[in-house]
Structures are given as C-alpha cells and as structure tokens.
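The structure under discussion appears below in the form of structure tokens.
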Amino acid sequence: MVEVSGALNVIAVSLMKIANDIRFLGSGPRCGLGELSLPENEPGSSIMPGKVNPTQCEAITMVAAQVMGNNVAVTVGGSNGHFELNVFKPVIVANVLRSIELIGDSCQSFVVHCVVGIKANKDRIDKLLHDSLMLVTALNPHIGYDKAAAIAKKAHKEGTTLKESAIALGHLTEEQFKQWVKPEEMLGPK
Numbered sequence: 001m002v003e004v005s006g007a008l009n010v011i012a013v014s015l016m017k018i019a020n021d022i023r024f025l026g027s028g029p030r031c032g033l034g035e036l037s038l039p040e041n042e043p044g045s046s047i048m049p050g051k052v053n054p055t056q057c058e059a060i061t062m063v064a065a066q067v068m069g070n071n072v073a074v075t076v077g078g079s080n081g082h083f084e085l086n087v088f089k090p091v092i093v094a095n096v097l098r099s100i101e102l103i104g105d106s107c108q109s110f111v112v113h114c115v116v117g118i119k120a121n122k123d124r125i126d127k128l129l130h131d132s133l134m135l136v137t138a139l140n141p142h143i144g145y146d147k148a149a150a151i152a153k154k155a156h157k158e159g160t161t162l163k164e165s166a167i168a169l170g171h172l173t174e175e176q177f178k179q180w181v182k183p184e185e186m187l188g189p190k
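First residue of the sequence shown: 1, per the UniProt record's numbering; consecutive thereafter.
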C-alpha cells in the first residue's frame, strides 16, 4: 500500500505541475504570458472585474496537495509496522482510497471544465515567438557571437525587433535575416 500511495503521489506531483503550467500560460490577457485562453466557469474575480480566474487549475492543485499530504500519512503509517503487525493499516487504507477517489474525481472535472475548453491564443504565441530576442542564436553561425550579441542588446535597449536592430547596425540585410532566422525551424528537437 505504501508503494501504491507513492505512485499516487507521483501522479499528484504531475497534476500540480500541469495545472500550474496551464495557469501560468493562461495568465493575462494583457500582462502575463497569455498564450492560452481558459474557460470562464465562474463570474470572475471579485477584485478585478472581467478577469478569468483559473479556478479549475487551482482546484486540482489543492487536490494534489491533499494527495501529497495523504502520502505522508501513509508513509508514517507504513514505517510504524513492527515485525508482522501494523496497527496503522486503517490510516494507510483510508488515505490511499481517499487519494484514489480525489485524483479520479478531480481529473474528470478538470477535463470537463478546463481542458476541453482551452484555446491557444495563436496571435499572442506568434508575436512572442517572432519578437523573442533568443532568435539571435540563429545568426551565430553566420555573423559570429559578438555581432549577434550586439544586435540583441540594441534590440532590447531600444525596444525594436532583431531584424530592425541587425539592419540598423549594418550586420546583415533584410533578405539575409529572413533566410537565416526562421523561428518555426528552431522549435523542438532536431
């Protein structure tokens, strides 16, 4: 049972991470990451009218915290077995069953009330992708580190794009930039 509780704890850790990632990616719309739009399940924030609270993400993180706590109780219970007898079995069984029920119910609710309603904010994602100063790494093999760094620093300082900065510094033409900097080709493993 201790091992089962440990496996449930691993699931809880994963759910906590997934829910927080979704919450952070859905932060916005005008500040924060804003890459995702989360479903509006409730009227919104009592403090900020119009804000969409990530309540389903918050709910599943609370469940994850409870399952992690249950695992601690199971661990303590398991460690109190002496010889062939463990009087903590009721605590162990109760917490494992509670964790199974919590994870099962909350995952179903999370899918129905959150996951199926998530939408990607393609315009925001595209803007973040194409405005990223990290794209300058694509220029390294063509113009070298120092010039690429100068382009990034200028763009950051002046609030311009890498392309505008590169052209202004005279390190490359617009055509060269388009040929060498292709963000879509820089995504994912090679």
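Ideal Cβ positions, reconstructed from N, Cα and C, are used throughout, including at glycine.
Based on Cα-Cα distance, which residue from the options lies nearest to residue i?
| i | options | result |
| --- | --- | --- |
| Lys182 | Val76, Lys89, Leu133, Gly78 | Leu133 |
| Ala166 | Asn70, Ala152, Lys157, Gln179 | Ala152 |
| residue 268 | Leu139, Ala12, Ser106, Ala148 | The chain is shown only over 1 to 190; residue 268 falls outside these bounds and no answer can be derived. |
| Gly144 | Gly159, Val74, Trp180 | Trp180 |
| Asp105 | Leu15, Gly6, Ala7, Met1 | Leu15 |
| Phe110 | Gly32, Met48, Asn41, Lys122 | Asn41 |
| Leu169 | Pro49, Cys114, Met186, Ala148 | Ala148 |
| Pro39 | Val52, Thr161, Val72 | Val52 |
| Val72 | His142, Ala150, Met186, Met1 | Met1 |
| residue 195 | Val112, Phe177, Ala94 | This structure cannot speak to residue 195, because the chain is shown only from 1 to 190. |
| Asp126 | Gly50, Ala94, Leu187, Ile47 | Leu187 |
| His130 | Met48, Lys178, Cys31, Gly50 | Lys178 |
Residue i to residue j, Cα distance in whole Å?
| i | j | result |
| --- | --- | --- |
| Val96 | Asn70 | 7 angstroms |
| Lys154 | Leu135 | 14 angstroms |
| Cys107 | Val10 | 14 angstroms |
| Gly81 | Arg98 | 21 angstroms |
| Gly44 | Pro54 | 9 angstroms |
| Glu184 | Phe88 | 56 angstroms |
| Ala7 | Asn86 | 21 angstroms |
| Val4 | Val67 | 12 angstroms |
| Gly159 | Asp146 | 20 angstroms |
Return the Cβ separation of residue i and residue j in integer angstroms, given the expectation that the two are a contact with Cβ distance under 8 angstroms.
| i | j | result |
| --- | --- | --- |
| Ile100 | Gly78 | Not confirmed; about 17 angstroms, so no contact. |
| Lys163 | Glu174 | 7 angstroms |
For the region 17-34 against the region 46-62, are there 3 or more C-beta pairs whose distance is under 8 angstroms?
Two segments are said to touch when three or more pairs of C-beta atoms, one from each, lie closer than 8 angstroms; by this definition the region 17-34 touches the region 46-62.
Touch check for the region 22-38 and the region 110-119: three-plus C-beta pairs under 8 angstroms?
In this structure the region 22-38 lies against the region 110-119, because at least three pairs of beta carbons, one per stretch, are closer than 8 angstroms.
Whole runs of the alpha helix (DSSP H) within the region 77-129, excluding any shorter than 4 residues
Unbroken alpha helix (DSSP H) stretches of 4 residues or longer found wholly inside the region 77-129: 89-113, given in chain order.
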